[in-house]
Amino acid sequence: MASPAPSAQDTLFSRVVNHEAFGGILLMMAAVAALLVANSSLSGIYDSALKSYFAVTLNGEGIEKPLILWINDGLMAVFFFLIGLELKRELLEGKLKNPRDVILPGMAAVGGMAVPAMIYAYINWGNPETIGGWAIPAATDIAFALGILALVGSRAPTSLKVFLLTLAILDDLGAIIIIALFYTAELKVDYLFMAVIPLIGLIILNLRGAHRIAPALLLGTIMWFFVLRSGVHATLAGVVTAFCIPLYDRWGKSPLHSLENGLTPYVNFGIIPIFAFANAGVVLAGMSVGNLLEPVPMGIATGLVVGKMVGVFGVTFLMVKFGLARLPHGANWAHIFGLACLAGVGFTMSLFIGGLSFSDPAMINEVRLGVLSGSVVAGVVGYTVLMLASQRQEKRAKADPVLAE
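And the structure:
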């Protein structure tokens, strides 16, 4: 018996969900929902729910944390696990395999992390209470940035998406390194040594090309627990576990591809929106425009809007002018400028690093204000510049068909 043809509603829903911009739009909706709830009569419920403690213990030993930390330490470990899978795949067979293809976006990513960090540090210099947030504006949000670029559509060269994706992946790698080096709490060496035991098991499974994923996930969860208790941020266990998933097993099948494809919808449409809803609730009561001029939000917003643009565009310009690299195929300098602005959308990773930098709720609120305002401005400016650049290129191509080739 033939299966019924999909309805028009099903087809429309599938097109919407599978659109490249849908993840970014869903993330934006979660952030707006958090803002509305945090500034409504439901704010008390929202705040108390995030502070509610949940415990997993055995004979008095285990983990007891508020819901917000279960999200940031637990669910985000899955997010970093997916990033690790993507990084390994790209390094072994993707955009990061050929060093020549990585040089330009790689150096642009370095500039795009260094300049925002320096701007934040300059604005907060001499203030030991706020200087620790220097890494907050250094990261680019892949989902948001690619979602906005997808809204530009086919007007923008395809090479721009590859350039932005490579830049954002390397940006995430840089953020992971920063978290590991600079955001480790008081180190408990005994738990760190215990984390080595499941790590050895993961390495053995990887070297043997194990087909079954469940043992690796179990060992990864055990390692996550030990890393969490050691003081090193537990999300790093997700990255390490991902790098121990075999790209191909003994029969030529890919556990990594299967896991990445199966996990991506849950992360993009579940974990990241939940994180955004839990972390983007800026309390606006008592705030004014003057609050944006406070050192923390000013440092973050300026780093994202100005620092990312200067770092990414400046390094790209120097690399091309000195003959060390070439512009992406079909792209002009206006496209690169728009993409550099778009790199300033730092939402997810910036909020995450902000939560690691500060524990005071008032400071966290300032972080949220800076991240949201900076990301919105960077996103709007980047989208506008890319649209204008693409429209101008289309008009020039129509006037001179040689340019269209």
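Offset between the sequence shown (1-based) and our numbering: plus 31.
Note that beta-carbon positions come from the ideal geometry of N, C-alpha and C, so glycine has one too.
- In the assembly as shown, SER404 is a buried residue. Its beta-carbon has 16 or more other beta-carbons within 10 Å.
- For LEU233, the CB contacts under 8 Å within the same chain, skipping 5 residues up- and downstream, are ALA247, LEU250, GLY251, MET254, VAL271, THR272, CYS275 in chain order.
- Here DSSP, grouped into helix, strand and coil, assigns TYR414 to helix.
- DSSP lists VAL87 as the beta-bridge partner residues of ILE94.
- For the stretch 184-219, the full-length alpha helix (DSSP H) segments reaching 4 residues or more read 189-213 along the chain.
- Looking at LEU267, VAL402, ARG186, LEU182, the one whose alpha-carbon comes closest to that of LEU113 is LEU267.
- Residue environment analysis places THR171 among the buried positions, since at least 16 neighbouring C-beta atoms fall within 10 angstroms of its C-beta.
- By the beta-carbon neighbour count (other beta carbons within 10 angstroms, threshold 16), LYS119 is buried.
- Looking at the backbone, the Cα of GLU124 and that of PRO286 are separated by about 15 Å.
- From the listed residues ALA356, LEU195, MET144, the smallest Cα separation to ILE208 is found for MET144.
- For GLU291, the uninterrupted alpha helix (DSSP H) run begins and ends at 286-297, by DSSP.
- Comparing C-alpha distances from TYR151 to each of MET418, VAL402, GLN422, THR415 shows the shortest one belongs to VAL402.
- The C-beta distance from GLY342 to PRO147 rounds to 7 Å, short enough to fall under 8 Å.
- Judged by pairs of C-beta atoms under 8 Å, the stretch 200-219 touches the stretch 379-388, as three or more such pairs exist.
- For LEU236, the CB contacts under 8 Å within the same chain, skipping 5 residues up- and downstream, are PRO246, ALA247, LEU250, CYS275, PRO277 in chain order.
- Under the DSSP assignment, ARG357 falls outside any alpha helix (DSSP H); it carries neither an H nor an E label.
- In terms of Cα proximity to LEU419, the closest of ILE395, HIS366, PHE378 is HIS366.
- In this structure, GLY269 is the residue among PHE194, ILE200, GLY269, ARG239 with its C-alpha nearest to the C-alpha of ALA226.
- Just measuring C-alpha positions, the residue of ILE76, SER74, THR197 sitting nearest LEU122 is THR197.
- No beta strand (DSSP E) of 3 residues or more sits fully in the stretch 234-279.
- The beta carbons of ALA69 and GLY312 sit about 3 Å from each other, so the pair counts as a contact at 8 Å.
- DSSP places LEU177 in the helix class (H, G or I) of the three-state scheme.
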